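Peer 1: Its first residue numbered 490, the sequence shown is counted upward by one per residue in our numbering. Take a look at the following structure, please.
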Amino acid sequence: MITVPLRHGSGESPYLLGEGILQELPRLLAPALGEGRAFVVSDDKVAALWGEVVAERLGAPLLSLPAGEQHKRWPAVEQVLRWLIGFGVERRDVLVAVGGGVITDLAGFAASVALRGIPWVAVPTTLLGMVDAAIGGKTGIDLEAGKNLVGTFWHPRAVVADPAVLATLDHRQVRAGLAEVVKAAMIAPGLLAHHLDGELGEVARGHRRPSAEAIAAAVRVKADIVAADERDAGPRAALNLGHTLGHALEAATRYERFLHGEAVAWGLLEALLLALESGLVETPAARGWAARLECLRPLPPLADLSWELLAPYLHRDKKRAGGTVGWVLPRQGGVTLGVAVAEERVAAAFSRLRNLAPEASFSSLF
Ligand SMILES: NC(=O)c1ccc[n+]([C@@H]2O[C@H](COP(=O)([O-])OP(=O)(O)OC[C@H]3O[C@@H](n4cnc5c(N)ncnc54)[C@H](O)[C@@H]3O)[C@@H](O)[C@H]2O)c1
Ligand SMILES: [Zn+2]
């Protein structure tokens, strides 16, 4: 088993990883549970596969919520709170979230407001959940007006990730999660590239599961950045690599065409094109990352998305940042934050992605 310490303002939480470790959950969670009772929250897809097993092993009641981002809303939070209160929940009790990022965000948020805050534990069951959503203490829900507009910083007391659960995850979801792993590798190549290159191709083709070692390396990248900037005031922006275009692609297609990671994969290519033009990376390095991103294909197409459609969504990000779109761009050995890039250059790079023939390789862009 691998343990990655997650450091934060209220102390340190262990992130435990290993193939098969869900079988030992009661022992692993004993320190996190202390004298408290466990309550398990999952979604109605994951409950039957993994949530029920976890609840049974912990001797805990299980609440199954409707699956999907469209249910990451107030009503589900209220459902969790009523359920907990119905059991006479006490402040020492622990909410255990078993699911993807939707469930860990939502359950973490419910835990942060139940009785003004009870402890929680994340058991992420998607690759994205393991390498991203379960780390960093951000919890939350969506509003009509946008995603993640309501939330808290409330770190889980422990995270337990068992790659074995990825066996039941839709392969497209696994590939999309890999985009965040490639992103982490671009942010901190020294920590991750070696693990990634050993298995990326095979995992992307569905021939094997990601190893606990590779997941742990990606976890360390995010954990290090978050520890340095818990409240998202500066360096944490590095994690937005590939997300400026990625978020715009998702929003412009009403969150229907791309899985988050798929949009981020296109966003990483855009960032590489801009970085190459700015002299931040050289051609061989850019081609190396493009070859890794190639493994994530097929990605949903861009061909019918005009710049006119997309640009307003990029500007929305700009407003939030207070004036300019500060691009996070790759450079040799890491990333550079807050790079100002003229809109014509962004548009030109996007049109190169859009016009790339389906049979042409990503490396041929560089
Ligand atoms: N808090 C953060 O810092 C942070 C970071 C990144 C993303 N997020 C959030 O994470 C969410 C996306 O997470 P996600 O991609 O995990 O989506 P998700 O939770 O919706 O899971 C994707 C789908 O896979 C199913 N599923 C999950 N695990 C499974 C398994 N092992 N086997 C079979 N099916 C399984 C789910 O039921 C769902 O239908 C978004 O709401 C996003 O805002 C949060
Ligand atoms: Zn992301």
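Beta carbons are placed, not taken as given, at the ideal position from N, Cα and C, and that holds for glycine. For clarity, every value in this text was computed on a predicted model and none was experimentally measured.
(1) Taking just the CA atoms, how far does Ala556 sit from Lys534?
(2) Can Leu757 and Ala693 be called in contact, C-beta distance under 8 Å?
(3) I need the straight-line Cα distance from Leu570 to Glu832, nearest angstrom please.
(4) Put Thr657 into one of helix, strand or coil per three-state DSSP.
(5) Kindly examine ligand 1 and report whether one of its heavy atoms sits closer than 7 Å to the Cβ of Asp594.
(6) Would you check whether ligand 2 has a heavy atom nearer than 7 Å to the C-beta of Val529?
(7) CB-CB under 6 Å to Asp651, same chain, minus the five flanking residues each way: which ones, in chain order?
(8) Can you give, in chain order, each stretch of the alpha helix (DSSP H) that sits fully within the region 527 to 614 and has at least 4 residues?
(9) Start and end of the beta strand (DSSP E) containing Phe839?
(10) CA-CA distance, Pro520 and Leu685?
(11) Between the region 581 to 589 and the region 557 to 566, do at least 3 Cβ pairs fall closer than 8 Å?
(12) Name the one or two DSSP bridge partners that Phe642 has.
(13) Assign Phe576 to one of two classes, buried (16 or more other C-beta atoms within 10 Å of its C-beta) or exposed (fewer than that).
(14) Compute the distance between the beta-carbons of Val578 and Val612, then report whether it is under 8 Å.
(15) How many Å lie between Glu541 and Val602 at the Cα?
(16) Hey, how far is the Cα of Ile491 from the Cα of Val708?
(17) Check each candidate in Gly507, Ala849 and Ala741 and name the one with the smallest Cα separation from Val654.
(18) Sorted by chain position, which residues of the same chain lie with C-beta nearer than 6 Å to Leu734's C-beta, five sequence neighbours on each side aside?
(19) Going by beta-carbon coordinates alone, are Arg841 and Leu791 separated by less than 8 Å?
(20) Determine the DSSP secondary structure at Tyr504, reduced to helix, strand or coil.
(21) Using C-beta distances below 7 Å, list every residue in its chain close to Leu681, excluding the 5 sequence neighbours before and after it, in chain order.
(22) Phe851 and Glu783: beta carbons closer than 8 Å?
(23) Looking at the strands, I want to know which residues DSSP matches up with Ile491.
(24) Could you tell me how far apart the beta carbons of Tyr504 and Val648 are, in whole angstroms, since I believe they sit closer than 8 Å?
(25) Quick one, which of Asp594, His644 and Val835 has its alpha-carbon nearest Val530's?
(26) Going by other Cβ atoms of all chains shown within 10 Å of its Cβ, with 16 needed for buried, is His644 buried or exposed?
(27) Going by CA-CA distance only, name the one from Ser767, His497, Pro801 and Ala838 that's closest to Thr742.
(28) Note down, in chain order, each residue of its chain lying with its Cβ closer than 6 Å to the Cβ of Ala536, except the 5 sequence neighbours on either side.
(29) Spell out the partners DSSP gives His684 in its beta bridges.
(30) Determine the extent of the beta strand (DSSP E) in which Thr825 is found, giving its start and end residues.
(31) Please say whether Gly666 and Ala438 have beta carbons closer to each other than 8 Å?
(32) Can you pull the DSSP bridge partners for His497?
(33) Helix, strand or coil: how does DSSP classify Gly777 here?
(34) Closest to Ser700 by CA distance: which of Pro678, Val663 and Gly723 is it?
(35) Checking the sheet assignment: what are the DSSP bridge partners for Ala647?
Peer 2: According to the structure shown:
(1) Translated into positions along the sequence shown, residue 534 becomes position 45. Translated into positions along the sequence shown, residue 556 becomes position 67. Rounded to the nearest angstrom, the two C-alpha atoms are 6 Å apart.
(2) Walking along the sequence shown from the start, residue 757 turns up at place 268. Walking along the sequence shown from the start, residue 693 turns up at place 204. Going by C-beta atoms, Leu757 is not nearer than 8 Å to Ala693.
(3) For the purposes of this step, residue 570 is taken as residue 81 along the sequence shown, with counting starting at 1. For the purposes of this step, residue 832 is taken as residue 343 along the sequence shown, with counting starting at 1. For Leu570 and Glu832, the distance between alpha carbons rounds to 46 Å.
(4) Sequence index remark: in the sequence shown, residue 657 carries index 168 (1-based). Helix.
(5) Here residue 594 corresponds to residue number 105 of the sequence shown, with the count starting at 1. At least one heavy atom of ligand 1 is nearer than 7 Å to the Cβ of Asp594, so yes.
(6) The sequence position of residue 529 within the sequence shown is 40, counting from 1. Answer for Val529: no, Cβ out of range of ligand 2.
(7) Walking along the sequence shown from the start, residue 651 turns up at place 162. Closer than 6 Å at Cβ, skipping near neighbours: Ile510 and Leu511.
(8) The qualifying runs are 541 to 547, 563 to 575 and 590 to 602.
(9) Residue numbering aside, residue 839 sits at position 350 when the sequence shown is read from its first letter. Looking at the DSSP string, Phe839 is not in any beta strand (DSSP E); the run it does join, the alpha helix (DSSP H), is Glu832 to Arg843.
(10) Numbered from 1 along the sequence shown, position 31 holds the residue referred to as residue 520. Numbered from 1 along the sequence shown, position 196 holds the residue referred to as residue 685. Taken atom to atom, the span from the alpha-carbon of Pro520 to that of Leu685 is near 32 Å.
(11) Output reads no: the region 557 to 566 does not touch the region 581 to 589.
(12) Counting from one through the sequence shown, the residue named residue 642 turns up at place 153. Phe642 is bridged to Lys627.
(13) On the sequence shown, residue 576 is found 87 positions in, with the first residue counted as 1. By the neighbour-count criterion, in which 16 or more other beta carbons inside 10 Å mark a residue as buried, Phe576 falls on the exposed side.
(14) Residue numbering aside, residue 578 sits at position 89 when the sequence shown is read from its first letter. Residue numbering aside, residue 612 sits at position 123 when the sequence shown is read from its first letter. Not closer than 8 Å, so no.
(15) Taking the first residue of the sequence shown as position 1, residue 541 is located at position 52. Taking the first residue of the sequence shown as position 1, residue 602 is located at position 113. Distance between the alpha carbons of Glu541 and Val602: 25 Å.
(16) Residue 491 sits at position 2 when you count from the first residue of the sequence shown. Residue 708 sits at position 219 when you count from the first residue of the sequence shown. For Ile491 and Val708, the distance between alpha carbons rounds to 11 Å.
(17) As a first step, residue 654 must be located in the sequence shown, where it is residue number 165. Ranking the options by Cα distance to Val654, first place goes to Gly507.
(18) For the purposes of this step, residue 734 is taken as the residue at position 245 of the sequence shown. Cβ neighbours of Leu734 beyond the five flanking positions: Gly756 and Glu759.
(19) The residue you call residue 841 lines up with position 352 of the sequence shown. The residue you call residue 791 lines up with position 302 of the sequence shown. Not closer than 8 Å, so no.
(20) By one-based count along the sequence shown, residue 504 stands at place 15. Residue state, collapsed to three classes: strand.
(21) As a working mapping, residue 681 is identified with position 192 in the sequence shown. Cβ within range, chain order: Ala673, Ala674, Ala706, Ala707 and Val710.
(22) The residue you call residue 851 lines up with position 362 of the sequence shown. The residue you call residue 783 lines up with position 294 of the sequence shown. It is a contact, given that the beta carbons lie within the stated cut-off.
(23) For the purposes of this step, residue 491 is identified with residue 2 of the sequence shown, where counting begins at 1. DSSP lists Leu506 as partners of Ile491.
(24) Against the sequence shown, residue 504 aligns to sequence position 15. Against the sequence shown, residue 648 aligns to sequence position 159. Tyr504 to Val648, Cβ: 4 Å. Contact.
(25) Taking the first residue of the sequence shown as position 1, residue 530 is located at position 41. Ranking the options by Cα distance to Val530, first place goes to Asp594.
(26) If you number the sequence shown from 1, residue 644 lands on position 155. Flag for His644 reads buried.
(27) Working through the sequence shown from its first residue, we reach residue 742 at position 253. Comparing alpha-carbon positions, the option among Ser767, His497, Pro801 and Ala838 lying closest to Thr742 turns out to be Pro801.
(28) Start at 1 with the first residue of the sequence shown, and residue 536 comes out as number 47. Once the five neighbours on either side are set aside, the close Cβ partners of Ala536 are Ser553.
(29) On the sequence shown, position 195 is the one that residue 684 refers to. For His684, which the question treats as bridged, DSSP gives no partner whatsoever.
(30) Taking the first residue of the sequence shown as position 1, residue 825 is located at position 336. Unbroken beta strand (DSSP E) run through Thr825: Gly823 to Ala829.
(31) One cannot answer for residue 438 here, as it falls past the ends of the chain, which runs 490 to 855.
(32) On the sequence shown, residue 497 is found 8 positions in, with the first residue counted as 1. DSSP lists Gly500 as partners of His497.
(33) Counting from one through the sequence shown, the residue named residue 777 turns up at place 288. Three-state result, Gly777: helix.
(34) To locate residue 700, count along the sequence shown from 1; it is residue 211. Answer by Cα proximity: Val663.
(35) In the sequence shown, counting from the first residue as 1, residue 647 sits at position 158. For Ala647, which the question treats as bridged, DSSP gives the partners Val610.
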